[in-house]
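Report on the following structure.
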Ligand code: PRX
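Residue numbers (our numbering): 60 to 713.
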């Protein structure tokens, strides 16, 4: 960014305070939250030390809370010891051993329930199996599985013995898997013959075999769960079935006390360069933050049924499926398949069937389901839902309102949670019983999270609605520790910009007159149009607010006079217009955006398409859209796209 401010012209003003009943019954009330803010402001370290002792079971207490001697490689609770799996499982046994920990539904409709006691026994058996296969504390284990309980069991089993897992999303290709296996130097891959997704079988073992063909000699064992019964090759001496690996293993396994800073997992995420980064998380700080935010933001109480729809291949599936909710003693739902299989009512049918009370998903899913019409959710009883959440991208007010009205029956608070793989847990979010929400805003930083918005020099931007860099000014327990094998990149990516003083999230944001944060998009998605800075996501939000628009993505392309021009890809509701109809609709939308945001935001080009290029996780591939908008040759690998065929249409060729 230059020294010019980012101009923000989004004008959402509605406010939604929590309902009285919700506020009264919530775990955290206004007074609790006020006390937390005050305590964090008074003594940041003492605040976190207090929570660490209150919320976690330690084998050895810590004497040092924060070690900043190697900053910005911060370390927390450095001489303490605990075991993450013991905190998620054993700590719950006395009070809720027979309580359901996991309700599982397969895509084909098969169901399973595991109590905390059963889950603990399964984790122990598998932990013993890992040890029997030679896995030791510190070894890296890659998990490449469908969204079934065994994926979570494998993660927890690693944690129990101190192995470092790296979950690779089952939708990634063999090549992506190989890159991650090699970068992590993994000794083992845990996979399944296949998983079910959208009525098809995803052959994970076949992809694993392909991945391991080259450069993965350090992998000497592959454990294979039989899930899809689709048949797969087994390599003698290397591959072993899950059922054989656990046969005869004891259902108890003493959790190993591990140093607070022992790496719990690596999780690969893409950065601005092509090579994925292995985000490294430590044990105690991560667990503390995962448990705290599950209680604070999701208000988890004894009878709740919490469904976070994220796959365990993403950070959300780590913090709000595999670890946090269990540490908080919750019942969670796990679903294997696609949101619209066999039809667009699947999510709502699961909510009804399992009595989901807290539902957490991504705006992209909300928009996709919204597009299918209100009559689908209307066929299901969603009255048990009491709290809704969103994560992953800014939610446009139209989708927010739909979520609020149609899914939440106007009674459920919505927590719009801003965070990142790197932050380990939710950083900026409403606290549901306290915060009045505004559609499209993630509201305020949580207690102990010193988030701010700064300009190019690192000076806080105080004027309301002035955009800037979103930064975190004090370390927090679940911050990434480094990028696996590349600490220089860690410092360069997250710290160097402001001389190691602040963690730089890579997002731009603004703060309104009430102190509410509005995420404007990634720094690299911010455009400069005729000297005006514009968040592309704001233009997208305006576009999708039009009744004819289902989805939109806006990128910049170089423009002779204006510096940059706005190029909008639009997925219309109903049939894709062509010829004169397309020109007419483009004109209507241009004027519409002009009306909504001001003439400066009018897209210069609008191209209609049936879909947008997305990664398997549903993120729009903006880099690719920018290349197409510029008319450049596509040289990047498009094999990880959900829908590679869309490219010709976006180019205007089809
Ligand atoms: O740009 C922000 C966006 O997603 C990025 C983090 O992506 P990832 O590490 O994949 O983690 C996603 C799940 C935590 C952020 O830098 N983002 C995430 N949540 C929000 C968001 N943008 C706006 N509003 C959010 N609530």
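Built from N, CA and C at the ideal position, the CB exists for glycine as well.
- Setting aside the 5 residues that flank it on each side, residue 388 is surrounded in the same chain by 151 and 155, each with a C-beta closer than 6 Å to its C-beta; the list follows chain order.
- Residue 686 and residue 693 do touch by the CB rule: their CB atoms are close to 6 Å apart, below 8 Å.
- Shown here, residue 367 sits in a strand according to DSSP, grouped into three states.
- Within the segment 211 to 265, complete beta strand (DSSP E) segments of at least 3 residues are found at 223 to 226, 247 to 251, 254 to 256 and 259 to 261, given in chain order.
- A contact is defined here as three or more CB-CB pairs under 8 Å, and the segment 356 to 363 fails this definition with respect to the segment 252 to 266.
- For the ligand PRX, the residues with a Cβ under 6 Å from any of its heavy atoms are, in chain order, 328, 374, 375, 450, 451, 452, 453, 475, 476, 477, 478, 479, 480, 501, 564, 565, 566, 578 and 581.
- Taking each of 391, 457 and 278 in turn and checking the Cα distance to residue 430, the smallest one comes out for 457.
- Take residue 175, set aside five residues on each side of it, and the residues of its chain with a beta-carbon closer than 7 Å to its own are 148, 151, 152, 155, 156, 158 and 160, in chain order.
- Residue state for residue 407 is assigned as helix, using DSSP reduced to three classes.
- Straight across, the Cα-Cα distance linking residue 520 with residue 379 is about 32 Å.
- Listed as beta-bridge partners of residue 72 by DSSP are no residues whatsoever.
- In this structure, the alpha-carbon of residue 127 lies about 22 Å from that of residue 337.
- Take residue 697, set aside five residues on each side of it, and the residues of its chain with a beta-carbon closer than 6 Å to its own are 703, in chain order.
- Non-local C-beta neighbours of residue 314 in its own chain, meaning closer than 6 Å and more than five positions away in sequence, comprise 142, 144, 145 and 219, ordered along the chain.
- Note on geometry: alpha-carbon atoms of residue 474 and residue 452 lie some 13 Å from one another.
- Collapsing the DSSP output to three states places residue 354 in a helix.
- The three-state reading of DSSP puts residue 269 in helix, counting H, G and I together.
- Sequence-distant Cβ neighbours of residue 455 in its own chain, meaning closer than 6 Å and more than five residues away, are 600 and 603.
- Excluding its 5 nearest sequence neighbours in each direction, residue 648 has C-beta neighbours in its own chain below 8 Å: 602, 605, 607, 608, 627, 629, 662 and 665, listed in chain order.
- The C-alpha of residue 187 is placed about 42 Å away from the C-alpha of residue 510.
- Taking a C-beta distance under 8 Å as the contact criterion, residue 371 and residue 226 qualify as a contact pair.
- Annotation for residue 200: 189, 194, 213, 217, 222, 223, 224, 225, 245, 246, 247, 248 and 249 place their beta carbon closer than 8 Å to its own, counting only its chain and skipping 5 residues before and after.
- Distance from the Cα of residue 77 is smallest, within the candidate group 551, 447 and 619, for 447.
- Within the same chain, 463 come within 7 Å of residue 469 by CB-CB distance, once the 5 residues on both sides are set aside.
- Taken in chain order, the complete beta strand (DSSP E) segments of 3 residues or longer contained in the segment 649 to 698 are 664 to 667.
- DSSP, reduced to helix, strand and coil, places residue 382 within a helical segment of the structure shown.
- Residue nearest to residue 307 within the set 184, 546 and 486 is 184 (criterion: CA-CA distance).
- Here residue 695 is exposed: its Cβ has fewer than 16 other Cβ atoms, across all protein chains shown, within 10 Å.
- Residue nearest to residue 181 within the set 166, 164, 209 and 204 is 209 (criterion: CA-CA distance).
- C-alpha of residue 97 to C-alpha of residue 582: approximately 32 Å in a straight line.
- Excluding residues up to 5 positions away in sequence, 233 lie with their Cβ nearer than 7 Å to the Cβ of residue 269 in the same chain.
- By the CB criterion at 8 Å, residue 274 and residue 239 fall outside the cutoff.
- When DSSP states are grouped into helix, strand and coil, residue 208 belongs to the helix group.
- Residues of the same chain with a CB within less than 8 Å of the CB of residue 559, apart from the 5 flanking positions on each side, are 130, 131 and 550 in chain order.
- For the set 394, 524, 251 and 282, the Cα lying nearest the Cα of residue 299 is the one of 282.
- For residue 103, the enclosing alpha helix (DSSP H) has its first and last residue at 103 to 114.
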